[in-house]
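Just below is one structure, and these are the notes that go with it.
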Amino acid sequence: MARISGVNLDDNMKIGYALTRIKGIGWSLARALLQPLKINTSKRIKDLTAEELASITAKVDEVPTEGELIRKVRADIQRLQVTGSYRGIRHTRGLPARGQRTRSNARTKRGKRKTVGAFKKEELAKVQPNAGGEKGETK
């Protein structure tokens, strides 16, 4: 198990793919980090030398990852909310901030909604006694 940026990486993984397990590093950034070090992306972690592992760790530490990245994103959202920008208001209300439509869709952001007014008579009778539409019962 190699440990880079606080994340344990399996020895049998290829280094290019293994770096993507670190939050903040995708496939293209992993390749960009390994290219100047002249390390093949398909090399397994167990086949890396101690110097290669140390150089990869040093390169990864230059990039904001894991907790540092989470704090940065949270601070950016907080700044938008404090300034009262449109995007900040959308974040505060829990709505999409990038122009997506919300009239239909956006269920993940808006949350689960209860159905109103679409009951069958049997279901309505269970929910509200004497509201099932039976005739002949008057008060």
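The opening position of the sequence shown corresponds to residue 1 in UniProt numbering, with each subsequent residue numbered one higher.
Backbone N, C-alpha and C fix where the C-beta goes; we use that ideal spot for every residue, glycine too.
Here the structure is a predicted model, which means the values were calculated and not measured.
Out of Ala18, Asp47, Lys46, the CA that lies nearest to the CA of Leu33 is found in Ala18. Closest option to Ile70, judged by alpha-carbon separation, among Lys23, Val60, Asp10, Lys14: Lys23.
The alpha-carbon separation between Leu124 and Gly111 amounts to approximately 24 Å. The count of Cβ pairs closer than 8 Å, one atom from the region 36-44 and one from the region 79-98, stays below three, leaving the stretches out of contact.
Close CB contacts of Thr65 within its chain, under the 7 Å cut and outside five residues either way in sequence, are with Ser5, Ile22, Lys23, Gly24, Ile25 (chain order). Taking all protein chains in view, the Cβ of Ile89 is surrounded by fewer than 16 other Cβ atoms within 10 Å, so the residue is classified as exposed. Counted as a single uninterrupted DSSP element, the beta strand (DSSP E) harbouring Arg3 occupies residues 2-4.
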